[in-house]
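Trainee:
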Amino acid sequence: MTKQDTQKRSEEITQNYFQFLDRHIADVVTGKVTDFMEINQIASELFVSHKHLTDTIQQETGHHPCHFYDLKIIDQAKKMLKETNLPVAEIAKILTYDPSNFSKFFKKFTGQAPGTFRKT
1 MTKQDTQKRS EEITQNYFQF LDRHIADVVT GKVTDFMEIN QIASELFVSH
51 KHLTDTIQQE TGHHPCHFYD LKIIDQAKKM LKETNLPVAE IAKILTYDPS
101 NFSKFFKKFT GQAPGTFRKT
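So, in structure tokens, the structure goes:
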């Protein structure tokens, strides 16, 4: 495999990972699936090893795959907070979080509690 082929494959794996996350998070939100998958499960779905997926995403983006997973969950939470009247606790449950853990998780990424974010 040439260096160019390797680069194309790395880009393809990265793109497939992001597309998979979008579909998977949508499936969780709609209730099609009940839990978020672990990175190793996602790697298996993409037909690569956990290590290869992690190494590829880090090489392509400079960040661990979990970083993007968390950001996409936060983006979904923000959207739900702004576009629905669902209570924060309900949004947390939909996103498979305990409400207090969800608030900590949300605040870690945004600097605001979910309720505060909703009001801004």
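Residues in the sequence shown are numbered from 1 upward in steps of one, following the UniProt record's numbering. The beta-carbon is built from N, C-alpha and C at its ideal position, and this holds for glycine as well.
1) Return the residue from the list LEU81, THR14, LYS3, GLY115 that minimises the CA-CA distance to THR56.
2) PHE102 to ALA92, Cα distance in whole Å?
3) Which residue marks the beginning of the alpha helix (DSSP H) containing MET80, and which one marks its end?
4) From what residue to what residue does the alpha helix (DSSP H) around ASP5 run?
5) Is PRO87 buried or exposed, if buried means 16 or more other CB atoms sit within 10 Å of its CB?
6) Taking the alpha helix (DSSP H) that SER103 falls in, what are its first and last residues?
Mentor: Well, looking at it:
1) Minimum Cα distance to THR56 is reached at THR14.
2) For the pair PHE102 and ALA92, the Cα-to-Cα distance works out to about 6 Å.
3) Residues 65-83.
4) Where ASP5 is concerned, the enclosing alpha helix (DSSP H) stretches over 3-30.
5) Its Cβ having fewer than 16 others within 10 Å, PRO87 is exposed.
6) 99-110 is the extent of the alpha helix (DSSP H) around SER103.
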